[in-house]
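Numbering (this note's numbering), first residue to last: 232 to 473.
In this text, a Cβ means the ideal position worked out from N, Cα and C, and glycines have one as well.
Being a predicted model, the structure only gives us computed values, none of them experimental.
Take a look at the structure below.
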Amino acid sequence: MPHIEVYDDKASLVKAAADLFVEQSQAVTDRFTVALAGGSTPLPVYELLASDAYAPMIDWNKVHIFFGDERAVGSTHKDSNYNAAQDAFLGHVPIPKENVHRMRGELGAEEAAKEYGLMLKDFFEGGPPAFDLHYLGMGGDGHTLSLFPGVTAALEETDHRVIATGDDKHAHARITMSAWAANASSLIVVLVLGEGKADTLKDVLEGPHQPHKYPVQLIQPSSGDLRWLVDKAAAAKLTKTS
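Given below as structure tokens:
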């Protein structure tokens with residue numbers, strides 16, 4: 232049974248997710264590596280981390296920020312995950328500019344994926360990207376990162392850290408970490424909010440293993456910890472929680 236934490240509301244879930252960032256950052260003495268999720272769900276977490284209550288608790292000089300996926304757009308595009316994180320979070324904390332490692336979507340999906348994969352290989356000295364903390368979300372269709380249902384090549388990738396992908400249901404070509412790469416993280420936190428995701432969450436956590444239908448089921452850390460942080464609305468149809 233996965234480790235599932237159910238929260239009364241969005242505010243308490245957001246606080247718990249931000250607290251994990253602080254706790255994990257304080258637990259390491261050297262660098263602290265974090266991969267951010269895109270989409271709207273994690274933005275309140277990022278905003279809380281940038282607040283006067285949280286930002287002073289973090290040694291930003293040792294924080295290195297990465298991105299789990301990105302659209303093939305420029306850094307100031309309204310659909311850019313980097314742009315959203317910059318507005319909500321990174322532009323408001325004293326993190327060194329060189330510690331923010333964005334996917335350069337303006338290069339196009341293929342070239343950006345190749346560049347980011349090589350950067351991760353170099354940063355982690357040839358090994359998989361063993362992030363200290365990796366935030367993920369889950370779409371209503373069961374996707375995570377930019378790993379979409381039925382996009383077989385991306386879902387079955389086991390060699391490359393970062394790949395180019397996409398489908399006809401989502402705007403823009405995508406750059407995404409593979410599930411293999413994401414699963415090297417020490418702690419993966421999946422954030423799920425809202426009654427609109429309740430049916431999918433039940434299928435993902437309590438139904439059969441169907442990763443081509445629900446790609447988030449591919450998230451199974453090789454040696455790290457996986458935690459699901461969900462609110463009561465999203466958890467409404469679950470029969471078991473831990």
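Spatial distance of residue 315 from residue 305 (CA atoms)
12 Å
Indicate whether residue 323 and residue 296 have their beta-carbon atoms separated by less than 9 Å.
no
Cα separation between residue 341 and residue 421?
If you take the alpha carbons of residue 341 and residue 421, they lie about 27 Å apart.
Beta-carbon within less than 7 Å of residue 414's beta-carbon, same chain only, minus the 5 sequence neighbours each way: which residues are those?
Spatial neighbours of residue 414 in its own chain (CB-CB distance under 7 Å, excluding positions within 5 residues in sequence) are listed in chain order as 450, 451, 452, 453.
Beta carbon of residue 299 nearer than 9 Å to that of residue 269
yes
May I have the straight-line CA-CA distance separating residue 261 from residue 364, to the nearest angstrom?
14 Å
Identify which residue in 412, 395, 400 has its Cα closest to the Cα of residue 406.
395
Compare the C-alpha of residue 328 against each of 336, 317, 470 and name the closest.
317
Bridge partners for residue 405 per DSSP, in chain order?
BP columns for residue 405 point to 302, 396.
Could you pull out every residue in the same chain whose Cβ sits closer than 7 Å to the Cβ of residue 336, ignoring the five residues on either side in sequence?
301, 302, 303, 304, 305, 311, 343, 406
State whether the stretch 274-283 contacts the stretch 428-446, with contact taken as three or more CB pairs (one from each stretch) at a distance under 8 Å.
Because the criterion of three Cβ pairs below 8 Å is not met, the stretch 274-283 and the stretch 428-446 do not touch.
What residues in its chain sit with their C-beta under 7 Å from that of residue 381, if we drop five residues either side in the sequence?
443
For residue 460, which residues from the same chain have a beta carbon less than 8 Å from its beta carbon, with the 5 sequence-adjacent residues on both sides left out?
236, 238, 244, 247, 248, 420, 421, 422, 423
Endpoints, alpha helix (DSSP H) assigned at residue 347
340-354
Leaving out five residues before and five after residue 274 in sequence, what residues of the same chain have Cβ atoms less than 7 Å from its Cβ?
Within the same chain, 315, 319 come within 7 Å of residue 274 by CB-CB distance, once the 5 residues on both sides are set aside.
Give the DSSP-derived three-state secondary structure of residue 252 in the structure shown.
helix
Identify which residue in 472, 371, 430, 352 has its Cα closest to the Cα of residue 401.
371
Starting from the N-terminal side, write out each stretch of the alpha helix (DSSP H) that is 4 residues or longer and does not extend beyond the stretch 239-296.
241-258, 274-280
Tell me, to the nearest whole angstrom, how far the beta carbon of residue 374 is from that of residue 447; I am working on the premise that it is less than 8 Å.
7 Å
Residue 428: buried (16+ other C-beta within 10 angstroms of its C-beta) or exposed?
Counting Cβ neighbours within 10 Å, residue 428 comes out buried, since at least 16 surround it.
Here's the rule: buried if 16 or more other CB atoms are within 10 angstroms of the residue's CB, otherwise exposed. What is residue 388?
buried
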